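*Asks:* So in numbering that gives the first Met the number 0, spot 21 of the sequence shown is number 20, and the numbers just go up one at a time. Where a beta carbon is used, it is the ideal one built from N, C-alpha and C, also for glycine. All values reported here derive from a predicted model rather than from experimental measurement.
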Amino acid sequence: MEPWLHPLWKMAEAYGARCSARCEDSITHVVASSRGTEKTCWAAQHGRAVVTPAWLECCSSLWRKANEERFATPFLECHTLYN
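This is the structure in structure tokens:
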């Protein structure tokens, strides 16, 4: 499935997010079930929040940005994977 067809991608855009399949400077959050991927490691190295899909669902229920720390993905070391 193309990422822009995923229901969570569509929900994020409906609430005003600008989604991207690439890592770029305008990214503020990376949504992932676990860390250790190229994108989650990029986010960690660039100080971006890495949150679970439940964070998006919570934001839509609250109609505001939820606390990212409560929805942080499990941590895996990135430096050994992509450096």
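Count the C-beta pairs between the segment 55–63 and the segment 31–38 that are closer than 8 Å, then say yes if the count reaches three, no if not.
*Replies:* no
*Asks:* In chain order, what residues of the same chain lie with their CB nearer than 8 Å to the CB of T27, ignoring the 5 residues before and after it?
*Replies:* Taking the sequence shown and counting its residues from 1, one reaches residue 27 at position 28. So the qualifying residues of the chain are R47 and A48.
*Asks:* Can you round the beta-carbon distance between S19 and T72 to whole angstroms, since I take them to be within the 8 Å contact cut?
*Replies:* Position 20 of the sequence shown, counted from the start, is the residue given in the question as residue 19. Position 73 of the sequence shown, counted from the start, is the residue given in the question as residue 72. Contact doesn't hold; Cβ gap of about 18 Å is too wide.
*Asks:* Just to check my reading of the structure: Y14 and S60 have Cβ atoms closer than 8 Å, yes? What is that Cβ distance to the nearest angstrom?
*Replies:* As a position in the sequence shown, residue 14 is number 15, starting the count at 1. As a position in the sequence shown, residue 60 is number 61, starting the count at 1. The Cβ separation is near 11 Å, so there is no contact.
*Asks:* With DSSP as the reference, identify every bridge partner of A48, one or two as the case may be.
*Replies:* For this step, residue 48 is matched to residue 49 along the sequence shown. Answer is H28.
*Asks:* Check for me: the alpha helix (DSSP H) holding L7 runs from which residue to which?
*Replies:* Looking up residue 7 in the sequence shown gives position 8. Looking at the DSSP string, the run of the alpha helix (DSSP H) that includes L7 is P6 to A13.
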